[in-house]
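Asks: Start counting the sequence shown at 9; every next residue gets the next number (our numbering).
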Amino acid sequence: MRVLEKAPAKINLSLDVLGRREDGYHEVRMVMATIDLADRVECESLAEDEIIIRASAPYVPEDDRNFAYQAAKLIKEKYSIRAGVRVSIDKRIPVAAGLAGGSSDAAATIRALNRLWKIGMTYESMLDIAGKVGSDVAFCIKGGTALATGRGEKISPLPPLPPCWIILVKPDVSVSTAQIYREWDDQPAPALHPDVDAMIAAIARGDFLAICRLLGNTLEAVTMNKVAEIARIKAHMNRIGAEGILMSGSGPTVFGLTQRESKMQRLLNGMKGYCPQVYAVRLCRSAELV
Ligand code: ATP
9 MRVLEKAPAK INLSLDVLGR REDGYHEVRM VMATIDLADR VECESLAEDE
59 IIIRASAPYV PEDDRNFAYQ AAKLIKEKYS IRAGVRVSID KRIPVAAGLA
109 GGSSDAAATI RALNRLWKIG MTYESMLDIA GKVGSDVAFC IKGGTALATG
159 RGEKISPLPP LPPCWIILVK PDVSVSTAQI YREWDDQPAP ALHPDVDAMI
209 AAIARGDFLA ICRLLGNTLE AVTMNKVAEI ARIKAHMNRI GAEGILMSGS
259 GPTVFGLTQR ESKMQRLLNG MKGYCPQVYA VRLCRSAELV
């Protein structure tokens, strides 16, 4: 038997790091939104008690370093499942890009195995497994628009964003999230924090222009120091006229927001000549409805 789940990417509209915790993780406040750029995760039951991972892209580990592997292992242990599984991941989300591709694959694996093995997991038990795999996995279980706090594992749903286009521009470099957080630790405390509460209020009002104005990511300056292209991409998107522009997660992907289709087309064409990986995508109300 096989079960297929889509694994959509996310963007961060607001990302604040409050500090490093005793356990080594960082205390964060993030507003995240699911977008319709998605990997495909197929889980097939195997008679042998083993976990096999196949990924369609280079640089994606196919052993126990893969987040999908870790999710499958935790589920097998928690629910004493003896059957095995082959997880085939068709990668469409750029890797190490700040779009939570690996985390979303893990979340899709949790949803898929719940169906494949008819476990009947509650949302809370899915969140519990997710939190053990990685900080962004919990958000990716349901997706949509949400505030993530703690180290990212505490999820509070928010109303959907006003409809808009998201233009993603991924420079031809990959960035390690762990490395960016290490460099954030070494810097003096940032004087300015993104106003996460004002972003939540703007989303509640459905105020698109305020959402654009309030976009903020405390990690942006750190990654920009390493990847000079980010500033160039932002400046070029600004010249073309995106209403809001920000780096997602630990980067290096930059996104621009617009509600106008003609502007989306101009951004898409203008940025394509500038960077190899450019996408125009929409928001998704839920990770399960992509
Ligand atoms: P985030 O925004 O959550 O920080 P990211 O988009 O920056 O994540 P990912 O694409 O999730 O980064 O990949 C980060 C690293 O995780 C990769 O370099 C890879 O070694 C590892 N990894 C583990 N599982 C996966 C997976 N299923 N897909 C992609 N990368 C994976």
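For each residue, glycine too, the CB sits at the ideal point set by N, CA and C.
Measure from the alpha carbon of A113 to the alpha carbon of each residue in A91, E132, Q78 and Y131, then state which is nearest.
Replies: This sequence places Asp at residue 113; Ala is not what is there. Nearest C-alpha to D113: Q78.
Asks: Apart from the five residues just before and just after G92, which ones in its own chain have a Cβ nearer than 8 Å to its Cβ?
Replies: If we look at G92 and ignore the five residues flanking it on each side, its Cβ neighbours are S53, L54, A55, E56, D57, E58, I59 and I60.
Asks: Using beta-carbon positions only, say whether I219 and L166 come within less than 9 Å of one another.
Replies: Contact flag unset, no.
Asks: Tell whether a beta-carbon distance below 9 Å holds between A104 and A15.
Replies: Against a cut-off of 9 Å, the Cβ pair of A15 and A104 comes out as no contact.
Asks: Y87 by DSSP, collapsed to three states: which one?
Replies: Residue state, collapsed to three classes: coil.
Asks: Is there at least one non-hydrogen atom of the ligand ATP closer than 8 Å to the beta-carbon of T130?
Replies: The answer is no for T130.
Asks: Give a single yes or no on whether P102 has its beta carbon closer than 8 Å to a heavy atom of the ligand ATP.
Replies: For the ligand ATP, at least one heavy atom lies less than 8 Å from the Cβ of P102.
Asks: Return the bridge partner residues of L23 from the DSSP annotation.
Replies: According to DSSP, which records beta bridges pairwise, L23 is partnered with M38 and N225.
Asks: Using CA atoms only, rank isn't needed, just tell me which of T185, D71 and G142 is closest to I118.
Replies: Of the listed residues, the one whose Cα sits closest to I118 is G142.
Asks: Roughly how far, in whole angstroms, is the beta-carbon of L217 from the beta-carbon of E251, given that I think they are within contact range, below 8 Å?
Replies: Confirmed, about 7 Å.
Asks: According to the neighbour-count rule (16 or more other Cβ atoms, all chains shown, within 10 Å of its Cβ), is Y67 buried or exposed?
Replies: Exposed, by the Cβ-count rule.
Asks: I need the DSSP call for Q7, collapsed to helix, strand or coil.
Replies: The chain is shown from 9 up to 298; residue 7 falls before or after that span and cannot be answered.
Asks: Alpha carbon to alpha carbon, how far is N277 from A156? Give it in angstroms, no decimals.
Replies: If you take the alpha carbons of A156 and N277, they lie about 34 Å apart.
Asks: Does R37 pass the burial test, meaning 16 or more other C-beta atoms within 10 Å, or should it be called exposed?
Replies: Classification of R37: buried, given that the 10 Å Cβ count is 16 or more.
Asks: Got a sec: does the ligand ATP put a non-hydrogen atom nearer than 8 Å to the Cβ of T157?
Replies: Result no, Cβ not under 8 Å from the ligand ATP.
Asks: Opposite T177 in the DSSP bridges: which residues?
Replies: Inspection of the sequence shows that residue 177 is occupied by Val rather than by Thr. BP columns for V177 point to V262 and V286.
Asks: Do V235 and L176 have their beta-carbon atoms positioned less than 9 Å apart in this structure?
Replies: Contact: no.
Asks: Measure the C-alpha to C-alpha separation of I127 and K86 and round it to an integer number of angstroms.
Replies: One C-alpha to the other measures close to 11 Å.
Asks: Going along the chain, which residues of its own chain have a beta-carbon closer than 6 Å to the beta-carbon of E35, five neighbours each way excluded?
Replies: These residues qualify, in order along the chain: L26, G27 and R29.
Asks: Quick one: does the C-beta of T226 sit closer than 8 Å to a heavy atom of the ligand ATP?
Replies: Every heavy atom of the ligand ATP is 8 Å or more from the Cβ of T226, so no.
Asks: Does the Cβ-Cβ distance between A138 and V145 come in under 9 Å?
Replies: Yes, Cβ-Cβ distance for A138 and V145 is below 9 Å.
Asks: The ligand ATP and A120: does any heavy atom of the ligand fall closer than 8 Å to the residue's C-beta?
Replies: No, the ligand ATP has no heavy atom inside 8 Å of this Cβ.
Asks: Apply the 10 Å Cβ neighbour rule to K280 and answer buried if 16 or more other Cβ atoms are within range, or exposed otherwise.
Replies: Exposed, by the Cβ-count rule.
Asks: What alpha helix (DSSP H) runs, 4 residues minimum, are completely inside the stretch 101–175?
Replies: You should have 109–124, 131–141 and 145–150.
Asks: Could you check whether the Cβ of I149 sits closer than 9 Å to any Cβ belonging to chain D?
Replies: As a matter of chain content, chain D is missing from the structure shown, which is built from one protein chain.
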